[in-house]
Amino acid sequence: MKFDQPAGQNPIDQLKVVGKATDRIDGKYKTTGTAAYAYERHDVVANQAYGYVLGAGIARGRIGAMHVDEAKAAPGVLAVVTTLETPRLERGKMNTAYLFGGDRVQHYHQAVAVVVAETFEQARAAAFLVRVDYLPEDGKYDLAAEASAAKPVPADSQEGSGGAGEERVGDFEGAFAEAPVTLDETYSTADESHAMMEPHATIAAWDGDKVTLWTSNQMIAWGHGSLAKILGVPKENVRLDAPFVGGGFGGKLFVRADAVLAALGAKAAGRPVKVALTRPLIANNTTHRPATIQRVRIGATKDGTITAIAHESTSGNLPDGSPETAVNQTRMLYAGANRLTAMKLAQLDLPEGNAMRAPGEAPGLMVLEVAMDEMAEKLGMDPVEFRLRNDTQVDPNKPDRRFSHRDLVGCLNLGSKKFGWAKRNPTPGRVRDGQWLVGVGMASAYRDNMSLKSGARVRLDGRGMVTVETDMTDVGTGSYTIIAQTAAEMMGLPLDNVVVRLGDSDFPVSSGSGGQFGANSSTSGVYAACVKLREAVAQRLGINSADAVFADGEVRSGNRAVPLGEAAAEGDLTAEDAIEFGDLSKQYQLSTFGAHFVEVGVDVHTAEIRVRRMLAVCAAGRILNPKSARNQVIGGMTMGTGAALMEELAVDTKRGFFANHDLAGYEVPVHADIPHQEVIFLDEVDPISSPMKAKGVGELGICGVGAAVANAVYNATGIRVRDYPITLDKLLDRMPEAA
Amino acid sequence: MKSFTYERPGTPAEAAAAVAAKPNAKFIAGGTNLLDLMKLQIETPTHLVDVNGLGLDRVEPTPPACARIGALVRNTDLAADPRVRTDYGVLSRALLAGASGQLRNKATTAGNLLQRTRCPYFYDTAQACNKRQPGSGCSALDGVSRQLAVIGASETCIATHPGDMAVAMRVLDATVETVDAKGTERRIPVAEFHRLPGDTPNVDTTLKTGELITAVTLPKPVAGMHIYRKVRDRASYAYALVSVAAILGKDGTGRVAFGGVAPRPWRVEAAEVDLPKGAKAVTDMVFAEANPTRDNAYKLKLAERALTAAINQARA
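Top to bottom, those sequences are chains V and Y.
Just so you know, we're using my numbering here: the first sequence kicks off at 1 and counts up by one.
Just so you know, we're using my numbering here: the second sequence kicks off at 1001 and counts up by one.
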């Protein structure tokens, strides 16, 4: 099905199942521990051995020799595969560094060997016996030191939301020079780790020249193609299966060393092999969100109308790596006739940076929305009012290109009212509650809405059960449930009559999960397949498909009502289709919007920051399942609180690695850090987005929330910190005396 | 984890003898730290002597009005003990500020004293660390050191003792009781229990090989408000950036020890006479010899302000 015209009335609009707050259909498996994640697929293949990955102990250089005799002779060891004896393997999609093979070390903890043994403990013990002779070379590990040598990003970046390296509209410099009120500040954000609960993990088994990988991956089709390329086998000889994924946040968009080394280890051992990456390897072997240095300049007239806005960002990466696209939202969020956005990329020899939940917007809004707060203060304006003043209904770069639907204003106004923003004391440092300095802050949320082609197969059986198969993944987001809701709505069935099977590369190729494109794209693919199935049902029953009504488990036409299952009485009916998105996203700008409001307390003595309440109002098209959508938004708000207050991969700039490479050292918010979170979805639809009229919501929650926290800290203390996260050491010197 | 042998002796002296008899043997109690370190081959004992069956799991009154805490009393039980809650509140509060409920259920009194540093370089076997591998160097000195020691450290090691419990025991003037392989008992003031690194940062404590902790005794209760103020980047489940264990009167007199700043709980008794003058007078003296890194110099200001918080709390 081609989607190239705005959606009209369709069966989804009935909202009998879609749009209802629905418990996850996989929830009972998660809560009872019976959802088997990759490493726990004990039943899929017999005789599983264990692989343990050894990471490089230097950040850059070559390997002179590897001594593995002791390891090979250790108890239980079945095979040792080293990078030296392996020709450098091809890279998979979006891999920057090589995952394995050859003598070059490009970053710390790059995989140099996998040891396979009968037990995990034996494999790990033997891995410690592998000795590696390194020939270290100097590297570049300090973004601040390399920023001056950073080069402009030339072409369209594939990372994050993409976008040109530099964009200009009007005459930024001239307008900024003439503006009566200006802001020019520089900010920095930290490297961050996805820190998902389930580590990267894979079981690999060869059957002749065919290999199956039970793995944890957000994008099955990308992984499928990548593994075929890396392993040098035809695609049809590779199968991936990932029915449950314990979080990814972008860290599992691309094939990583667990999958490659499970396959190589299995080949070497002649046995199925399972591999999970350890926590230190997750920080230094896989990807992370790159740190940025960002400069924002805003010029406005005295009434708060932006006349000039510039956002420049510098990030670092390995050679061939991409920039963090932190300026993207600034191209779209606010009006202003004269604009400049630009990115620079410095070469670093740290582990590779890549997408993490809302790449671009998350660190970009962390900065832009603090700059907006600072500018509002310079103007003597309320920060909400300043944002309302500069709303735009068109792409500011191409004024004839409208937003498909944009209600940032509605989010700001409703949020302001519900939060009690009017009670805010605009003078910082004036509100005290016991030991706490109390402040409130707000920020706009913005995230592009992307769509990817997505396919599905639906099958009706004689009992009236519909089975949906697609290689879509459920990364803890609720894909199973919204896909079931979609099929149930389309076929006029209760939810219990739908079975959803996901994550298998034998199923039709879907959008996968990432970039908050998964929910809208994959359900649209199921919609398309169900349209075909409805036609097949009507034809089988001899009903004109235009007249057929699918409701209450029946197909009705005129006075005739037939149980749906009768259409499959003589054999299952199967339909397959994919949604393909046309040029609507070129004609219109499709984005999601929100407003965050946060109250924090800052300890008057120690400057410890604790969030007291949070509210997000979101405008993201039709909300397919308010329960799982809320779950996504509060997860994003939590993650953004982490970015604002504690999350930082600490760079050892001498040795070139992230030193706090476990969950004791890399702190993410715990329950005690997160207060009551309120989420309100505006009741809206976006027919330009898809037949579902929905948009993404999985990343919107993290966008801007960190800035709202930072702005609240400023309101509480009068201290503006521009280097994130805001840890207490950055406040202490400027805290007022606590008598 | 390397292979090891294992035994469960019947008495404390037998346990001590069992460890003394074999090179590279270690006691194991709750195992909340040792097992993790063994998995990473930071600790590689060849023989484990499991002391969990030795009793030593009671908190007993020892007249006059003192308390004797068995080495194997779990952190959860110790924090909840009515006598501890009533008379030694700083200890109960310190315990509850540490780790998580699950870990406290397992962790023991002696084991908590013996927990090893959380310096990131100690945990990464590819990095130089004199504490883990004597003579290899210290990567932390010019590496990531925001969490590490500002005082009491040396050119070979800037690791901290990461615990909370010992800081409260230090302010309470607790005593560690031990027994050795010959059955000889010894009493070590907690002030002398943890070593400063000097040139041998691999040796954390003054215990001799095979010497087993049997109990920690607390002297008569000290009057005043018992305060444990732990400052950290998140609200729970994090090591202290700085902690303050204090027993303070309304007039500001009292005693104070600091955690998160040194290789052992840091207390300078001579500075305590200045407590009525306020925090700065005390911390100026307590940290007079401080030698922080660029990344952890903030701890000096933080210690002063955390002590101010405690003093204000006591005066309120």
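Heads up, the beta-carbon is just placed ideally off N, CA and C, and yes, glycines get one too.
Anything in chain Y within Cβ reach of residue i, meaning under 7 Å, just list it in chain order.
i, result
"ASN237 (chain V)", "Chain Y residues near ASN237 (chain V): none, gap ~36 Å exceeds 7 Å."
"ARG610 (chain V)", "ALA1235"
Quick check on residue i: does DSSP put it in helix, strand or coil?
i, result
"CYS1299 (chain Y)", "According to the sequence provided, residue 1299 (chain Y) is Lys. The question's Cys does not apply to it. Helix at LYS1299 (chain Y)."
"ALA519 (chain V)", "helix"
"TYR134 (chain V)", "strand"
"LEU1004 (chain Y)", "What sits at residue 1004 (chain Y) in the sequence shown is Phe, not Leu. Note: PHE1004 (chain Y) maps to coil in three-state DSSP."
"GLY594 (chain V)", "strand"
"PHE244 (chain V)", "coil"
"TYR52 (chain V)", "strand"
"GLU159 (chain V)", "With a pLDDT of only 44 at GLU159 (chain V), under the threshold of 50, the placement of this residue in the model should not be trusted, and no figure is reported."
"ALA79 (chain V)", "strand"
"ARG501 (chain V)", "strand"
"VAL409 (chain V)", "helix"
"VAL17 (chain V)", "coil"
"SER585 (chain V)", "helix"
"LEU1103 (chain Y)", "helix"
"MET343 (chain V)", "strand"
"LYS252 (chain V)", "coil"
"PHE403 (chain V)", "strand"
"PHE681 (chain V)", "strand"
"ASN715 (chain V)", "helix"
Interface residues of chain Y around residue i at Cβ under 9 Å?
i, result
"ASP733 (chain V)", "TYR1298, LYS1301"
"THR470 (chain V)", "The contacting residues do not exist; THR470 (chain V) stays about 38 Å from chain Y at best."
Give a yes or no on whether 8 Å exceeds the smallest Cβ distance from residue i to chain Y.
i, result
"PRO280 (chain V)", "yes"
"GLY601 (chain V)", "no"
"PHE128 (chain V)", "yes"
"THR727 (chain V)", "yes"
"LYS654 (chain V)", "yes"
"GLU159 (chain V)", "Any answer about GLU159 (chain V) is weak, because its pLDDT of 44 lies below 50 and its placement is not dependable; what the coordinates show is given next. Not closer than 8 Å to any Cβ of chain Y, the Cβ of GLU159 (chain V) fails to qualify, so no."
"PRO675 (chain V)", "no"
"GLY665 (chain V)", "yes"
"THR606 (chain V)", "yes"
"MET646 (chain V)", "yes"
"VAL498 (chain V)", "no"
"PRO669 (chain V)", "yes"
"ASN285 (chain V)", "no"
"ASN660 (chain V)", "yes"
Can you tell which of the options has the C-alpha that lies nearest to the C-alpha of residue i?
i, options, result
"GLY771 (chain V)", "V:ALA144, V:ARG104, V:ALA65, V:LEU253", "Here chain V covers residues 1 to 739 and nothing more, so residue 771 (chain V) does not appear."
"HIS661 (chain V)", "V:VAL709, V:ALA650, V:SER313, V:ARG655", "V:ALA650"
"ASN390 (chain V)", "V:ALA346, V:ALA335, V:LEU408", "V:ALA335"
"THR330 (chain V)", "V:GLY704, V:ASN715, V:TYR724, V:MET735", "V:GLY704"
"GLY636 (chain V)", "V:GLY415, V:HIS605, V:THR606, V:GLU678", "V:GLU678"
"MET1187 (chain Y)", "Y:LEU1196, Y:LYS1208, Y:VAL1203", "Note that residue 1187 (chain Y) is Arg in the sequence shown here, rather than Met. Residue Y:LYS1208 is the option with its Cα nearest to ARG1187 (chain Y)."
"ASN317 (chain V)", "V:GLU167, V:GLU699, V:GLU352", "V:GLU352"
"ARG560 (chain V)", "V:VAL273, V:ALA538, V:ILE298, V:ALA97", "V:ALA538"
"VAL81 (chain V)", "V:ALA268, V:GLY57, V:ALA36, V:GLY174", "V:ALA268"
"PRO87 (chain V)", "V:ASN95, V:GLY102, V:THR592, V:GLY33", "V:GLY102"
Can you find a C-beta in chain V that's less than 8 Å from the C-beta of residue i?
i, result
"ASP1057 (chain Y)", "no"
"ARG1234 (chain Y)", "yes"
When we look at the beta-carbon of residue i and count the other beta-carbons within 10 Å, is it buried (16 or more) or exposed?
i, result
"LEU564 (chain V)", "buried"
"GLY160 (chain V)", "Residue placement at GLY160 (chain V) is flagged as unreliable, the pLDDT there being 45, under the threshold of 50; a coordinate-derived value is accordingly withheld."
"GLY1055 (chain Y)", "exposed"
"ASN285 (chain V)", "buried"
"ALA1065 (chain Y)", "exposed"
"ARG430 (chain V)", "exposed"
"ALA65 (chain V)", "exposed"
"SER1003 (chain Y)", "exposed"
"LEU615 (chain V)", "buried"
Note down, in chain order, every chain V residue with its Cβ under 9 Å from the Cβ of residue i.
i, result
"GLN1041 (chain Y)", "ARG124, ALA125, PHE128"
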